[in-house]
Structure formats: structure tokens, C-alpha cells
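Engineer:
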Ligand code: NAD
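In the working numbering, the protein residues as written are 199 to 699.
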């Protein structure tokens, strides 16, 4: 079957899409955008419009933040015990699992991603993360503290800290893992007792809207989770600048993150920024070269390279360069590109025609700059946004394909001669999200890991996240952490109490 037929067959089974034109979801209800304007949602495998979602503006954002504020203040939410929030989150996780077919099909339709991936990550890990965060609702704590207050002489005090929810959390998320990253933002906020206004990417609003319905079905009061769709310059900017937020949490590109950070500081709104990456994968001389080449292929071609932690710079000790490059190119050339609904496909389309043109621009630019193409470099299938897995070598550190985040299935391979040079190349980037080290030599690993400027370092693996392991970047890759205890604590303020006794 051609991708289009597969996609349309699946579409017919996704009841949510029978409502082709979707509204925002505010105060427990679907509602039209104030402007009456809508944007198409396009299936990148077929380039067909599958639905429409609001192109919201500041009026819609105001309405959503007001609903979230009312819900935050209202007894239906604020009087809940932590155990009640835990139970609601647990119910939501069960509903996400129960709707795995529908949610993963929506995800494949709107983003092109492999259906198995949507099922495993967006839905499967997403539901597990909600369960994980359900547990945190009952485990937030403060401390009783020793103190040394000397006045007045002989006075005694009791000092302690307690955590309080920050209020309304604004969440702006990208298109690469639309449901999973939305849940990374929503679940900790709810566990902490906050309410949420979520703005999904204009490319991929459908699973966020369906999630909002499931939140109500789980029993959360109306207004606790609101979804406002639209473009970054409209709804996104209005949310980022809204005075009613206690916190803004953003995942996306570094330039947008920087603007959101500025807007947040202006209002002293708390913020978390998960931004771009240009992650190195470092193959030391004592690595298993075949395992490293397989790891490099997974590191860059997983989800067509549209992963913030993608191992886009493969740094290989010169003694292994030929072997690792050949194996990586061979693996790349053997990967099957196809529709996300094709169970044999190993790479789907990239998210949109606009992004297809952007990635192809980097490929053409690398060729023009004199890089050698080891494999790929062209459109993979006629029709749809399919790009061949691509590997370049003979690159220079100043080339755009080496310096900038391509966010597509494009790797560069670069040699190094010693550990110092490997570290220098690895850290020679404005980003600092992740890195991986490939080696069988424990001493070398322990020498290298502390010298890497990255929020996450993997050893003999790449791209592995866990709900309990904090995730975030240093340098241009952002501030703050998603996942783990850090995520829920970042939705709270720490209040210090000092009581004279
Ligand atoms: P993007 O920055 O263009 O958009 C992300 C979100 O921000 C979207 O919802 C968009 O509508 C909104 N937005 C855009 N301009 C805005 C503005 N001026 N004000 C407010 N909101 C605005 O990024 P993208 O293309 O959707 O996603 C890809 C980027 O996300 C890559 O850079 C990738 O590395 C990054 N990313 C990072 C992580 C991480 O955890 N560090 C995870 C996934 C993706």
C-alpha cells in the first residue's frame, strides 16, 4: 500500500478526527477562537490536510489563563488532598493507556512519526510518566531546620520550609514528541497542585486537545488543564508574556527559548527552558566499533533525527575512523524509509514541508561547503516529506552543518587524535544538552565524563531517558530540568517559616 492509503485507512478509525475543525479547550469545554481563524493540520506523509485547529490570539490566552486562575483558587481543586491529586493523575494515566490506539494514530497522522514509536514513547512512556508524577503528589516535603538566630538573647524559634504550588503554569511545547512533552509539563504541575494552560505546536495540536478531554474524563475539575492552539508569534508569545502565570515552561528552539526567558524575567515569572542541542557521540580508541556505529545510527536516525538529543556529531578516534564511518554509512543506507503506519519502516517523514526544505537546505549547504557525502543526501520517496538518512565526512568545525542544529537525519563524522582533542571538539558548540562516550576503558570514561559540558552524558548508549532521571541542558540548551523530582519541585515555591516559640 502507498502511504496515502495507509494513512487514510487509519484516519477513518480515529474518531476524534471526524470533528475536522477543532476548538481550543478552555474551562472544561471546546470553544471557538476569538478571531475565528484556524490553521490546517497536515499529515506530512501525504501532505494532506487532516484537520484544522485554532490560530488563537491574546484574547484566547487571556480567557484560558483566567479559567486556570479560577480553577487554582477554587475549592474543587485547591481543597483536594495530595492523595486526591495522586488518584486523579493515576486515573489519567490509565485513560491514556486505554486510548493508546487512538492517541498513537493521531500522533502518527499529525507528525508522521512511526506508529510503534508513538505508542512506545508518546503514549507508553507518557502514561508511565503521569503515574510516576502521581506518586510525587503525596511526597512533596519541606524541612525543619537548625538555626542560630542570636536575638533577643535567649529567644527560641522553630524554623521550617514548605513547598507551595506556583499557581498557573504556562506550557509551550514543540512538535517532535507532542504528547510526551506535553505530559512532561502538565503532570508535574498537577502533582504540585498547579493549574495549566498548554500551547501545543501549531504543527501538532491534536493529541494535546484529546488529552484535555481525557483530563476531564479522569475527574479533574474544569479549568485545571486548558489548551490554546496557535502559532508561536500569536498564542505562544501572548502566553509567554502573560502576567497571570506563576511559571512558564518551554521546550523548543534556543532563540525562542531565549525570548521566553527574557519575557519571564521581566515579570519575575519562574521558568524552565529545554532547548536545542548539537550532541556529540565520542568514540574512544578502545570502544567496540560495531556497537559504536550501531549506537551512532540510533543516535541520529531515531525519529528522523528530530530529537533534541540527537547524536548529530560523531567524533571518532582516528584509529577507528574508517571502520565506524563505513558501518554507520552501511546501516544508514539499509534503513527503510516509509509511512509511519508501515510496520516495516524504520524512518518516517520529517514533520512538514517547511522542515523538509530546511533540512535539505543544510544538506545542500554542506555539499556546497565541501563536505564529502558518505550516504543519503536526497529525498527518499516521491510525495511526502521523506529524507534519506545522510552522513557527511571531511567537515570543518566552521561549517553550518557542524555548528547548527539540523533536527533531521543528518550526521557528520569527525576524527580526533587524543582525549583532549575529543573533549575540545565535543564542547565546541553553543549547546550543552547531551553527549555520549563509547569506550570499554573505565578509567577513560571517568576522565572524560566530568569534562563534558552537557546536562546528560550516556556511556555506551545514546538517547536513553528515564522518568526518574532529571533531563535538561547547560549553556544554550536551556535552564532547569524536566522529569524526576526536579520537575515537580520546579512547580513549587519554597516558603521559609520562622516562628518564635
Ligand atoms: P520552536 O521553538 O519553533 O517552537 C516550539 C514551540 O514554541 C511551539 O509551540 C511554537 O509555536 C512556540 N513558539 C514559537 N515562537 C514563539 C514565540 N515567539 N513565543 C512563544 N512561543 C513560540 O521549536 P520546534 O521547531 O517546534 O521544535 C524543535 C526545537 O525544539 C528544536 O530546537 C529541539 O532541539 C527543541 N527540543 C528540545 C527538547 C529538550 O527537551 N531540550 C525536546 C524536544 C525539542
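Note that beta-carbon positions come from the ideal geometry of N, C-alpha and C, so glycine has one too.
Do you know whose CA, among 534, 647, 485, lies nearest residue 514's CA?
Structural biologist: Looking up residue 514 in the chain shown gives position 316. Selected option, being the one with the closest Cα: 485.
Engineer: Does the distance between the C-beta of residue 374 and the nearest non-hydrogen atom of the ligand NAD fall short of 7 angstroms?
Structural biologist: Taking the chain shown and counting its residues from 1, the one referred to as residue 374 is at position 176. Yes, the beta carbon of residue 374 sits closer than 7 angstroms to at least one heavy atom of the ligand NAD.
Engineer: Measuring CB atoms only, is the segment 387-396 touching the segment 303-318, in the sense that at least three cross pairs come out at less than 8 angstroms?
Structural biologist: Taking 8 angstroms as the limit for Cβ pairs, the verdict is that the segment 303-318 does not touch the segment 387-396.
Engineer: Per DSSP, what kind of secondary structure is residue 551 in: helix, strand or coil?
Structural biologist: The residue labelled residue 551 in the question sits at position 353 within the chain shown. Residue state, collapsed to three classes: helix.
Engineer: Relative to the alpha-carbon of residue 502, which residue among 608, 680, 331, 636 has its alpha-carbon at the smallest distance?
Structural biologist: For the purposes of this step, residue 502 is taken as residue 304 along the chain shown, with counting starting at 1. Checked all of 608, 680, 331, 636; the closest Cα to residue 502 is 608.
Engineer: Sort out for me which residues DSSP pairs residue 493 with in a bridge.
Structural biologist: Sequence index remark: in the chain shown, residue 493 carries index 295 (1-based). None; residue 493 has no bridge partner.
Engineer: Would you mind working out which of 249, 380, 366 sits nearest residue 372, comparing C-alpha positions?
Structural biologist: Working through the chain shown from its first residue, we reach residue 372 at position 174. For the residues 249, 380, 366, the minimum Cα distance to residue 372 belongs to 380.
Engineer: Across the segment 577-587 and the segment 533-548, are there enough close Cβ pairs to call them in contact, namely three or more that are closer than 8 angstroms?
Structural biologist: With a cut-off of 8 angstroms, the segment 533-548 and the segment 577-587 count as touching, because enough Cβ pairs lie within range.
Engineer: When you compare the segment 602-619 with the segment 509-528, are there three or more beta-carbon pairs, one atom per stretch, that lie closer than 8 angstroms?
Structural biologist: In short, these stretches touch, since the Cβ pair count reaches three.
Engineer: Between which residues of its own chain and residue 386 is the CB-CB distance below 6 angstroms, once the five residues before and five after are set aside?
Structural biologist: Here the question's residue 386 lines up with position 188 in the chain shown. So the qualifying residues of the chain are 331, 685, 686, 689.
Engineer: Taking the alpha carbon of residue 281 as the point to measure from, which residue in 354, 263, 259, 333 has its own alpha carbon closest?
Structural biologist: Mapped onto the chain shown, residue 281 falls at position 83. Of the listed residues, the one whose Cα sits closest to residue 281 is 333.
Engineer: Tell me whether residue 365, by its Cβ, gets closer than 7 angstroms to a heavy atom of the ligand NAD.
Structural biologist: Looking up residue 365 in the chain shown gives position 167. Because no heavy atom of the ligand NAD lies under 7 angstroms away, the Cβ of residue 365 does not count as near it: no.
Engineer: Please work out which residues of its chain come closer than 7 angstroms, Cβ to Cβ, to residue 378, disregarding the five sequence neighbours upstream and downstream, and give them in chain order.
Structural biologist: Against the chain shown, residue 378 aligns to sequence position 180. Answer for residue 378: 319, 320, 323, 324, listed in chain order.
Engineer: Does the distance between the C-beta of residue 627 and the nearest non-hydrogen atom of the ligand NAD fall short of 7 angstroms?
Structural biologist: Taking the first residue of the chain shown as position 1, residue 627 is located at position 429. No, since every heavy atom of the ligand NAD falls outside the 7 angstroms radius drawn around the Cβ of residue 627.
Engineer: So what's residue 445 in DSSP terms, helix, strand or just coil?
Structural biologist: Here the question's residue 445 lines up with position 247 in the chain shown. Looking at residue 445 - three-state DSSP - the assignment turns out to be strand.
Engineer: Three-state secondary structure (DSSP) at residue 480?
Structural biologist: For the purposes of this step, residue 480 is identified with residue 282 of the chain shown, where counting begins at 1. Here residue 480 sits in strand by DSSP.
Engineer: Please go through the segment 484-536 and give each complete beta strand (DSSP E) segment of 3 or more residues, from N-terminal end onward.
Structural biologist: Runs found: 511-515.
Engineer: Would you check if the segment 626-633 and the segment 643-658 touch, i.e. whether three or more CB-CB distances between them fall below 8 angstroms?
Structural biologist: Judged by Cβ distances under 8 angstroms, the segment 643-658 makes contact with the segment 626-633, as three or more pairs qualify.
Engineer: Note down the Cα distance separating residue 384 from residue 275, rounded to an integer number of angstroms.
Structural biologist: As a first step, residue 384 is located in the chain shown; it is residue number 186 there, counting from the start. As a first step, residue 275 is located in the chain shown; it is residue number 77 there, counting from the start. Taking the straight line from one Cα to the other gives about 15 angstroms.
Engineer: Is there contact between the segment 674-683 and the segment 517-525, where contact requires at least three CB pairs shorter than 8 angstroms?
Structural biologist: Touching, no.
Engineer: Quick check: the segment 216-230 against the segment 352-366, are at least 3 beta-carbon pairs closer than 8 angstroms?
Structural biologist: Counting Cβ pairs under 8 angstroms, fewer than three are found: no touch.
Engineer: Using the DSSP secondary-structure output, state which residues sit across from residue 634 in a beta bridge.
Structural biologist: Locating residue 634 in the chain shown gives position 436, counting from the first residue. Partner(s): 479, 656.
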